[in-house]
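Since the structure comes first, as structure tokens, the remarks are kept for the end.
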Amino acid sequence: MSESNKASAGTSSASIPMVIPKQGPVYSQPNVKAPVMCKPKIMTLKSAALLKQEETAKQAQQGRPTTGAPAAEEEQHEQHHEYGYA
């Protein structure tokens with residue numbers, strides 16, 4: 010490449026005039042304020058294990074068994090005794 014081509018290649022970007030818009034925001038200005046984000050709110054999340062543990066504790070306080078199957082068997086057993094079945 011000749012020296013004249015190198016010189017013209019280097020100055021070709023400088024020959025483009027810079028245009029500053031008269032309306033609208035200019036993004037290089039430091040006084041343009043960015044939107045202010047609020048502090049994130051932290052919410053507690055309950056895991057499935059914690060929900061199950063709370064349900065078990067709640068049922069224990071009420072005097073109920075933790076599963077439905079033994080309760081049904083106890084009710085049938087009580088009904089048999091009421092009617093005189095062995």
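Take the sequence shown: its position 51, counted from the start at 1, is 60 in my numbering, and no numbers get skipped.
The beta-carbon is built from N, C-alpha and C at its ideal position, and this holds for glycine as well.
From a predicted model like this one, the values you see are computed outputs, not experimental measurements.
A43 - containing alpha helix (DSSP H), residue span: Walking along the sequence shown from the start, residue 43 turns up at place 34. Neither: A43 is in no alpha helix (DSSP H) and is coded neither H nor E.
Cα separation between K99 and L54? Since the first residue shown for the chain is 10 and the last is 95, residue 99 is missing from the structure and cannot be characterised.
Contacting residues, own chain, Cβ-Cβ under 7 angstroms from L59 (five flanking each side not counted): Position 50 of the sequence shown, counted from the start, is the residue given in the question as residue 59. Answer for L59: no residue qualifies.
Please state whether DSSP places T65 in a helix, a strand or coil. For the purposes of this step, residue 65 is identified with residue 56 of the sequence shown, where counting begins at 1. Three-state result, T65: helix.
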